[in-house]
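Student: Numbering (the working numbering), first residue to last: 3 to 462.
Glycine residues also receive a C-beta, built at the ideal position from the N, C-alpha and C atoms.
As the structure is a prediction and not an experimental result, all values here were calculated from the model.
Questions regarding the structure given below will be posed in turn.
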Amino acid sequence: MFAKAFRVKSNTAIKGSDRRKLRADVTTAFPTLGTDQVSELVPGKEELNIVKLYAYKGDAVTVYVSGGNPILFELEKNLYPTVYTLWSYPDLLPTFTTWPLVLEKLVGGADLMLPGLVMPPAGLPQVQKGDLCAISLVGNRAPVAIGVAAMSTAEMLTSGLKGRGFSVLHTYQDHLCPEGRQLDIKKSSYKKLSKFLQQMQQEQIIQVKELSKGVESIVAVDWKHPRITSFVIPEPSPTSQTIQEGSREQPYHPPDIKPLYCVPASMTLLFQESGHKKGSFLEGSEVRTIIINYAKKNDLVDADNKNLVKLDPILCDCILEKNEQHTVMKLPWDSLLTRCLEKLQPAYQVTFPGQEPIVKKGKICPIDITLAQRASNKKVTVVRNLEAYGLDPYSVAAILQQRCQASTTVTSAPGAKDSLQVQIQGNQVHHLGWLLLEEYQLPRKHIQGLEKAPKPGKKK
Numbered sequence: 003m004f005a006k007a008f009r010v011k012s013n014t015a016i017k018g019s020d021r022r023k024l025r026a027d028v029t030t031a032f033p034t035l036g037t038d039q040v041s042e043l044v045p046g047k048e049e050l051n052i053v054k055l056y057a058y059k060g061d062a063v064t065v066y067v068s069g070g071n072p073i074l075f076e077l078e079k080n081l082y083p084t085v086y087t088l089w090s091y092p093d094l095l096p097t098f099t100t101w102p103l104v105l106e107k108l109v110g111g112a113d114l115m116l117p118g119l120v121m122p123p124a125g126l127p128q129v130q131k132g133d134l135c136a137i138s139l140v141g142n143r144a145p146v147a148i149g150v151a152a153m154s155t156a157e158m159l160t161s162g163l164k165g166r167g168f169s170v171l172h173t174y175q176d177h178l179c180p181e182g183r184q185l186d187i188k189k190s191s192y193k194k195l196s197k198f199l200q201q202m203q204q205e206q207i208i209q210v211k212e213l214s215k216g217v218e219s220i221v222a223v224d225w226k227h228p229r230i231t232s233f234v235i236p237e238p239s240p241t242s243q244t245i246q247e248g249s250r251e252q253p254y255h256p257p258d259i260k261p262l263y264c265v266p267a268s269m270t271l272l273f274q275e276s277g278h279k280k281g282s283f284l285e286g287s288e289v290r291t292i293i294i295n296y297a298k299k300n301d302l303v304d305a306d307n308k309n310l311v312k313l314d315p316i317l318c319d320c321i322l323e324k325n326e327q328h329t330v331m332k333l334p335w336d337s338l339l340t341r342c343l344e345k346l347q348p349a350y351q352v353t354f355p356g357q358e359p360i361v362k363k364g365k366i367c368p369i370d371i372t373l374a375q376r377a378s379n380k381k382v383t384v385v386r387n388l389e390a391y392g393l394d395p396y397s398v399a400a401i402l403q404q405r406c407q408a409s410t411t412v413t414s415a416p417g418a419k420d421s422l423q424v425q426i427q428g429n430q431v432h433h434l435g436w437l438l439l440e441e442y443q444l445p446r447k448h449i450q451g452l453e454k455a456p457k458p459g460k461k462k
């Protein structure tokens, strides 16, 4: 909504009656806020302005600005908090998490698609279609966007986390944010702006120059300064910590991954008698039962040799190649079942502890470990596809950095949309294998590249 510049219609100080009405509206819209929190959000005496504007698509929006910061906005009589407000009240809305690389797309006006969601160990928050939600990034609980759920949590899981998940209304760094880049020095320990600027300049965070007589201007900011890069929202109180610990502190448990088969259009006739249609998902045992029952029901078991099955026109069309249509009349049971499974489309089901299963077509990509050469012929270990197994690449990188005593980086995985890869200096396949197999208890069949671990030295 605020991805492009908007047009301001009016900017006026709020009246006493409107201030009281706003408090009542906030209490109704966000019942989890206590009386003191509402009074803090909508102060009684401090400056509070009403800004009426037109968004770039023509929507009429009312923005409430306190202390120079936009705290709330109203659209079609619905009240929404800004990211500034959510930084003070991070538990106000159910929060979903995405990858840092996605933020740029959201700021540009894109909606959040479900493949970009990060599945936490405790599962996704429970919401209904139309619920207002916050969006945060992996590694930082401070919300960066606000959106409306396009479907319920149950529907998200049923869809296999595909499609549009949230209609994004407002993001950090959009055009509403510049309206709030002000600092209330009087509420800080510095009390005066001159003291604050002097301290920041001494720490080499900013450069200040007197460009005109009596007016000091900030001419440069060191955005890579540790004081800026290490800034995080303070941890919540013990009460809110209890609420959040379900999604942030629970130990990792590997998902249950089950191979499935999907019925294609070419196999529909064979499976329709059992009540299945195109796109139905089946386990291997279910497929075998359906084929056996079909053969027996249609008297296709060879009377002279029970190990053979006669092929009727439907079986011929479904499992035989064109050059076999007039030559193959019977097949052994094992060959019939094998051919049938090969003709079905591969699929899989992922179930995280305490969550509804997620079903997707295709084969799940294994966690991929490779070795690569970088500058000065240095060897690095690269691991991809951690997200498919509910693993946070940033957390894995932090653990490996400590255990391997080597530098780690997290970057975009080449050729993979919204996917990340972890790079560790040196050949760290042994440490990575131990972490994935022993600590995370992931099955070896879902990890490729473990054989690249350095061979132990020969004993002298």
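From Q175 to A151, what distance separates their C-alpha atoms?
Tutor: Residue 175 sits at position 173 when you count from the first residue of the sequence shown. Residue 151 sits at position 149 when you count from the first residue of the sequence shown. So the two alpha carbons sit approximately 21 angstroms from each other.
Student: Does the Cβ of G2 have 16 or more other Cβ atoms within 10 Å, making it buried, or fewer, making it exposed?
Tutor: Lying before the first or after the last residue shown, residue 2 is absent from the chain, which here runs from 3 to 462.
Student: Would DSSP call M115 helix, strand or coil?
Tutor: Your numbering for residue 115 matches position 113 in the sequence shown. Residue state, collapsed to three classes: strand.
Student: If I follow the unbroken beta strand (DSSP E) through G149, where does it start and stop?
Tutor: As a working mapping, residue 149 is identified with position 147 in the sequence shown. Start and end: 142-151.
Student: Decide if the region 134-141 is in contact with the region 152-161; the criterion is three or more beta carbon pairs, one per stretch, under 8 angstroms apart.
Tutor: No, because fewer than three Cβ pairs between the region 134-141 and the region 152-161 fall closer than 8 angstroms, the two stretches do not touch.
Student: Taking Q403 as the reference, which of R290, Q209, Q427, M153 has the closest Cα?
Tutor: Taking the first residue of the sequence shown as position 1, residue 403 is located at position 401. When each option's Cα is compared against that of Q403, the closest is Q427.
Student: Is DSSP giving V352 helix, strand or coil here?
Tutor: Taking the first residue of the sequence shown as position 1, residue 352 is located at position 350. Reduced to three states, the DSSP call for V352 is strand.
Student: Quick check for students: name the residue ranges of the alpha helix (DSSP H) that lie wholly in the region 289-341, counting only runs of 4 or more.
Tutor: Segments of the alpha helix (DSSP H) lying fully in the region 289-341: 315-321.
Student: Which residue comes first and which comes last in the alpha helix (DSSP H) that contains D38?
Tutor: Residue mapping note: residue 38 aligns to position 36 of the sequence shown, counting from 1. Unbroken alpha helix (DSSP H) run through D38: 37-43.
Student: By a C-beta neighbour count over all protein chains shown, 10 Å radius and 16 as the cutoff for buried, is L126 buried or exposed?
Tutor: Locating residue 126 in the sequence shown gives position 124, where the first residue counts as 1. So L126 ends up on the buried side.
Student: Run through DSSP, which three-state label would Y82 get?
Tutor: In the sequence shown, the residue the question calls residue 82 occupies position 80. Residue state, collapsed to three classes: strand.
Student: Quick one: what does DSSP say H448 is sitting in, helix, strand or coil?
Tutor: In the sequence shown, the residue the question calls residue 448 occupies position 446. Of the three classes helix, strand and coil, the one that applies to H448 here is helix, per DSSP.
Student: Would you decide whether A390 is buried or exposed? Buried here means 16 or more other CB atoms lie within 10 Å of its CB.
Tutor: Counted from its first residue, the sequence shown places residue 390 at position 388. A390 is buried by the Cβ-count criterion.
Student: For a quick check, are the C-beta atoms of Y82 and L94 less than 8 angstroms apart?
Tutor: Locating residue 82 in the sequence shown gives position 80, counting from the first residue. Locating residue 94 in the sequence shown gives position 92, counting from the first residue. No.
Student: Would you call the CB atoms of E49 and V63 closer than 8 angstroms?
Tutor: As a position in the sequence shown, residue 49 is number 47, starting the count at 1. As a position in the sequence shown, residue 63 is number 61, starting the count at 1. Cβ distance not < 8 angstroms, so E49 and V63 don't count as in contact.
Student: Drop a sphere of 10 angstroms on the beta-carbon of R229, count the other beta-carbons inside from all chains shown, and report buried for 16 or more, exposed for fewer.
Tutor: Along the sequence shown, read from residue 1 onward, the residue named residue 229 stands at position 227. R229 is exposed by the Cβ-count criterion.
Student: Given D224, which residues of its chain have a CB within under 6 angstroms of its CB, disregarding the five upstream and five downstream residues?
Tutor: Stepping through the sequence shown from its first residue, residue 224 is reached at position 222. Counting only Cβ-Cβ distances below 6 angstroms, and skipping sequence neighbours, we find I207.
Student: Please report the straight-line C-alpha distance between K298 and D304, rounded to a whole angstrom.
Tutor: Within the sequence shown, the letter at position 296 stands for residue 298. Within the sequence shown, the letter at position 302 stands for residue 304. Approximately 10 angstroms between the Cα atoms of the pair.
Student: Assign I449 to one of two classes, buried (16 or more other C-beta atoms within 10 Å of its C-beta) or exposed (fewer than that).
Tutor: For the purposes of this step, residue 449 is taken as the residue at position 447 of the sequence shown. Buried.
Student: Exposed or buried, which one is A418 when buried takes at least 16 other CB atoms within 10 Å?
Tutor: As a working note, residue 418 is residue 416 in the sequence shown. It is exposed - the Cβ of A418 has fewer than 16 other Cβ atoms within 10 Å.
Student: Going straight from the alpha carbon of T173 to that of K11, what length do you get?
Tutor: Looking up residue 173 in the sequence shown gives position 171. Looking up residue 11 in the sequence shown gives position 9. Roughly 22 angstroms separates the two Cα atoms.
Student: What's the C-alpha gap between N387 and S19?
Tutor: Locating residue 387 in the sequence shown gives position 385, where the first residue counts as 1. Locating residue 19 in the sequence shown gives position 17, where the first residue counts as 1. Cα-Cα distance, rounded: 55 angstroms.
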